[in-house]
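Protein chains in written order, with the working numbering: chain A, 1 to 291; chain B, 1 to 309; chain C, 1 to 294.
Shown next, in structure tokens, is the structure this report addresses.
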Amino acid sequence: MKKSRVIQLLGLIVIGVLVGFGYTNREKTNAGQSITAVGSTALQPLVEAAGEQYSSNHAGVFINVQGGGSGTGLSQIQSGAVAIGNSDIFAEEQSGIQASKLKDHRVAVVGIAPIVNKQVGVSNLTQQQLIDIFTGKVKNWREVGGNNLPITLINRAQGSGTRKTFESYALKGHASADSQEQDSSGLARSIVASTPGAISYVAFSYLDQSVQAVRVDGVRPTETNVRQNRWYIWSYEHLYTGQRPNQLTKQFIDYVLSPAVQQKLVKQLGYISVHEMQVQRSAAGKVTAVK
Amino acid sequence: MDKIRESLLKKSLASKIERRGKAVSLFCLALIVGVVFLIFYFVASRGLATFFQNHINLWQFLSGTEWNPGTTGANGQPDVGALPMIVGSFLITILSALIATPFAIGTAVFMTEISPRRGAKVLRPVTELLVGIPSVVYGFIGLQVVVPFVRHTFGGSGYGILSGTFVLFVMILPTVTSMSADALNAVPRYYREASLALGATRWQTIYKVVLRAAIPGMLTAIVFGMARAFGEALAVQMVIGNATLLPHNLVSPASTLTSILTMGIGNTVMGSLQNNALWSLAMILLLMSLVFNLAIRYIGRKGKLNNER
Amino acid sequence: MNAKRTDKIATGILYGVAALVVIILLALLGFILIEGVPKISWHFLTAPALAFEAGGGIGIQLFNSFYLLFLALLISLPISLGAGIYLNEYAPQNTVTSLIRTTIEILSSLPSVVVGLFGYLFFVVQFKLGFSILSGAFALTVFNLPILTRSIEEALANISDSQREAGYALGLSRWETVTKIVVPAALPSIITGIVLSAGRIFGEAAALIYTAGQSAPALDFSDWNPFNISSPLSPLRPAETLAVHIWKINSEGIMPDAKAVSAGSSAVLIIAVLLFNFLARWLGKRLYKHLTAE
């Protein structure tokens with residue numbers, strides 16, 4: 001009884017000493033040198049990879065990247081809980097966010113393409129046909145020159161950045177009909193691949209052999225076409241900060257915009273570099289040429 | 001003399017430890033209860049905002065069939081009709097429990113009454129292992145196996161209530177089975193001996209004595225399964241199609257409260273109507289598990305009374 | 001005789017049902033293992049995940065899963081042990097007790113999504129813990145408490161009263177009887193309960209997506225100081241677990257070998273749960289022998 005008490009006490013003391021030792025020996029240089037970026041899961045791999053590279057170049061700096069969705073990112077940056085809010089959409093487009101209080105840093109461009117199941121037999125659609133399909137006017141692929149198959153719409157979740165972009169630019173602002181929804185690109189793609197008659201839309205980086213990418217009005221979904229805005233279904237990836245970001249945040253965003261990231265990581269992840277765009281687009285959708 | 005008096009009047013060490021132990025254990029219990037209230041408070045504070053801050057009519061919320069919180073409906077109010085999700089959740093829960101129950105109880109009886117040795121050697125470890133399979137894995141097996149199967153056999157796109165039901169059936173089967181087996185094991189041995197001594201066959205013993213005695217425990221098992229089915233998010237979300245439409249039949253895409261909740265919460269901004277509406281869905285989930293619980297307690301108590309009679 | 005025949009038929013049906021269930025369950029297990037086991041290698045188990053190239057592993061996620069499990073059990077076990085003891089040994093049979101029991105049952109039937117969202121609101125936002133191991137461990141604790149409390153209470157209730165009476169007869173107080181006699185006697189079934197709940201924690205994803213986060217930053221495995229953020233032990237770093245990883249790569253993964261990684265991870269997860277079960281069974285038996293001096 002007594003002996004076990006002593007052992008318990010000793011154990012506690014040892015743990016206490018260890019904790020104290022750990023605390024005093026922590027890398028103090030790290031203490032103030034970390035920034036947190038939260039938000040879009042689509043943008044997360046890019047920021048994460050950039051953060052890792054940045055940390056390996058700048059010893060003692062830690063970039064903490066977390067998912068949670070664009071809405072989470074914007075609300076967290078608005079409340080000031082994090083340094084950077086990652087978003088797939090303009091803050092102006094998100095209800096509940098005062099965009100004027102935030103500073104927008106566009107770090108990449110993502111092209112979005114309609115995809116169909118391979119049995120559909122359609123590889124080109126006019127924009128009007130696309131609108132008819134997604135608003136539910138056209139119900140069978142026969143009506144747009146394909147095989148006799150009922151159309152199955154696979155939408156992305158309400159509020160998702162990809163869906164917002166697709167509805168504003170591919171469907172000219174028409175809301176799509178109530179249909180199946182999936183909250184991720186990977187799932188949307190695998191469902192389209194396995195469901196006869198299915199149509200959905202994904203970012204270019206998700207295009208692969210399992211699905212058929214669709215041309216719109218004869219234009220191919222390629223990066224070159226996006227750069228010239230001939231393929232107009234694209235959007236920016238944003239890093240939002242407060243109006244006055246701190247030094248480290250600023251340096252990190254500059255790093256993301258530097259060639260080291262833009263030329264390599266951005267391309268590897270299937271995005272298009274912002275520096276290569278020949279046009280730019282405002283939150284309201286106005287397109288102007290880059291000088 | 002004084003020393004003896006003192007030692008007699010002073011609280012003994014044992015009684016001190018006793019008091020301390022009781023207090024500590026009570027504190028632990030209070031902590032758990034506190035957490036429950038905290039959860040209710042937090043979810044309610046968000047979920048009720050839809051009705052008090054955004055002034056959505058409660059009836060409209062429960063009976064509306066249009067879910068599109070971002071846009072305004074024909075009546076000038078945002079479209080927040082949760083009926084499709086509520087119907088979807090209920091259908092899928094009830095159907096999967098209906099299918100799973102006979103299988104689970106049959107297996108549990110087999111494990112405990114007919115072949116305890118094999119039950120202990122094979123069935124129990126397997127079921128316990130399956131309880132640990134993450135729902136995500138179930139979802140992907142559902143996507144690869146169940147959805148194509150439903151599409152080929154029953155038509156439609158394969159996404160819908162039926163696929164969800166099958167996935168949930170397999171998901172809750174291990175839970176319900178192992179809990180039912182526990183309930184059966186808890187039936188005292190002499191019940192069986194008494195019945196057998198009266199000349200009853202094994203089946204008569206099982207059916208008339210053991211199963212009846214275990215009713216409250218098995219009901220708890222089923223409700224546990226139902227609660228799990230009702231609250232399951234990721235697996236169902238993958239196979240049900242997530243269309244906020246009232247299901248016309250079992251193979252048309254539908255949605256559940258959880259599927260819309262997990263999909264939407266990351267895309268909305270804290271405090272906005274879209275976000276609050278999702279929290280209202282979470283509140284319905286919460287209230288439903290409350291209802292499930294109360295119902296089961298009521299049935300369980302009745303079962304107990306019948307047993308004692 | 002009629003009753004005999006019914007008995008035979010019923011037995012036959014029960015055999016059939018049990019066989020069917022076993023087939024379904026084994027097919028499920030087989031499917032996961034056959035798909036996944038060929039992908040497992042030492043490299044796969046230890047290498048960090050790669051976001052957009054093939055050949056990534058699950059080392060960090062695996063570590064995170066175990067660490068989170070450990071922390072969650074560390075927090076929830078004492079609490080539920082205390083609560084279980086109080087409920088079974090001290091609580092009077094009255095309305096309040098029955099109300100408390102109901103509350104615990106409600107907690108146990110709460111959807112894990114709701115627990116996750118509560119964790120997000122309370123630990124991540126309110127307490128400003130961020131998406132971190134600590135938030136995740138707390139969320140898992142909330143999730144685990146009722147299950148564990150219930151199984152502990154049941155384990156204690158199954159110990160016959162004669163054991164307690166023996167304790168009192170020796171002059172032990174109630175608390176001493178419980179801690180010295182009843183709990184050791186119930187230990188094997190308590191351990192089984194812990195294993196079952198551990199299995200559920202290990203595979204839980206929905207409660208963790210918004211609490212422990214969906215990112216697994218690189219860790220420095222030579223640094224075991226929990227106060228450094230890149231240390232594996234740091235409780236304040238975001239930690240994607242294996243189950244969350246499976247969910248994420250299946251939904252958002254753009255690495256070319258996403259399918260293989262997910263199949264391999266699922267197999268690893270199941271094997272881990274399997275090993276866990278065996279270990280705990282063995283431990284339960286050993287402890288029983290040791291503590292009861294048999």
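The beta carbon of each residue, even a glycine, is placed where N, CA and C say it ideally should be.
Beta carbon of residue i nearer than 8 Å to that of residue j
i	j	result
residue 34 of chain C	residue 266 of chain C	no
residue 17 of chain C	residue 110 of chain B	yes
residue 226 of chain B	residue 108 of chain B	no
residue 68 of chain C	residue 140 of chain C	yes
residue 158 of chain A	residue 213 of chain C	no
residue 127 of chain B	residue 174 of chain B	yes
residue 89 of chain B	residue 224 of chain B	no
residue 136 of chain B	residue 234 of chain B	yes
residue 70 of chain A	residue 96 of chain A	no
residue 176 of chain B	residue 192 of chain B	no
residue 207 of chain A	residue 133 of chain A	no
Neighbourhood of residue i by C-beta distance below 6 Å, restricted to the same chain and skipping five residues each side
i	result
residue 102 of chain A	91 and 240
residue 55 of chain C	none
residue 36 of chain A	64, 82 and 83
residue 197 of chain C	144, 147 and 148
residue 235 of chain C	133 and 134
residue 121 of chain A	146 and 147
residue 184 of chain A	none
residue 244 of chain B	67, 84 and 255
residue 259 of chain A	none
Enclosing alpha helix (DSSP H) for residue i [first to last residue]
i	result
residue 44 of chain B	13 to 47
residue 193 of chain B	189 to 197
residue 86 of chain A	Element bounds for residue 86 of chain A: not the alpha helix (DSSP H) but the beta strand (DSSP E), 84 to 87.
residue 180 of chain A	Residue 180 of chain A -> not in any alpha helix (DSSP H); beta strand (DSSP E) instead, spanning 180 to 182.
residue 280 of chain A	Residue 280 of chain A -> not in any alpha helix (DSSP H); beta strand (DSSP E) instead, spanning 279 to 281.
Cutoff 7 Å; reference residue i; Cβ partners in own chain excluding five residues on either side
i	result
residue 243 of chain A	101 and 103
residue 54 of chain B	273 and 276
residue 81 of chain C	152
Per-residue DSSP class, three states only, for residue i
i	result
residue 105 of chain A	strand
residue 160 of chain B	coil
residue 230 of chain A	coil
residue 224 of chain C	coil
residue 273 of chain A	strand
residue 276 of chain B	helix
residue 213 of chain C	coil
residue 44 of chain A	helix
residue 68 of chain B	strand
residue 115 of chain A	strand
residue 96 of chain B	helix
residue 21 of chain C	helix
residue 67 of chain A	strand
residue 237 of chain C	coil
residue 5 of chain C	helix
residue 176 of chain A	coil
Residue interval of the beta strand (DSSP E) (run including residue i)
i	result
residue 153 of chain A	152 to 156
residue 61 of chain C	Counting along the chain, residue 61 of chain C falls outside any beta strand (DSSP E), though it belongs to the alpha helix (DSSP H) covering 59 to 85.
residue 40 of chain C	Taken as a continuous stretch (DSSP letters only), residue 40 of chain C belongs to no beta strand (DSSP E), as it is neither H nor E.
residue 35 of chain A	34 to 39
residue 90 of chain A	Per DSSP, residue 90 of chain A belongs to no beta strand (DSSP E) and is neither H nor E.
Beta-carbon contacts of residue i that lie in its chain and below 8 Å, excluding the five residues immediately before and after
i	result
residue 263 of chain C	32, 35, 36 and 39
residue 278 of chain A	227, 228, 229, 289 and 290
residue 219 of chain A	225, 230 and 231
residue 76 of chain A	38, 39, 68, 82 and 85
Residue i CB to nearest heavy atom of the ligand COA below 7 Å
i	result
residue 291 of chain B	Absence of the ligand COA is noted for the structure shown, with no ligands found whatsoever.
- [ ] Scan the stretch 60 to 86 of chain A for residues whose Cβ lies nearer than 7 Å to a Cβ of chain D and list them as they occur along the chain.
- [x] Within the model displayed, chain D is absent; protein chains A, B and C are what it includes.
- [ ] Pull out every residue of the stretch 133 to 154 of chain B whose Cβ sits closer than 9 Å to any Cβ of chain C, in chain order.
- [x] 133, 134, 135, 136, 137, 138, 139, 140, 141, 143, 144 and 145
Task: Where the stretch 178 to 195 of chain A meets chain B: residues whose CB sits under 8 Å from a CB there - done: 178, 179, 180, 181, 182, 183, 187, 190, 191, 194 and 195
- [ ] Could you name the residues of the stretch 24 to 52 of chain B whose beta carbon sits closer than 9 Å to any beta carbon of chain A, in the order they occur along the chain?
- [x] none
Task: Chain-ordered residues of the stretch 268 to 294 of chain B with a beta carbon less than 7 Å from chain C - done: 282, 285, 286, 289, 290, 292 and 293
Task: Interfacial residues, the stretch 98 to 111 of chain C to chain B, with Cβ spacing under 7 Å - done: 100, 102, 103, 104, 105, 106, 107, 109, 110 and 111
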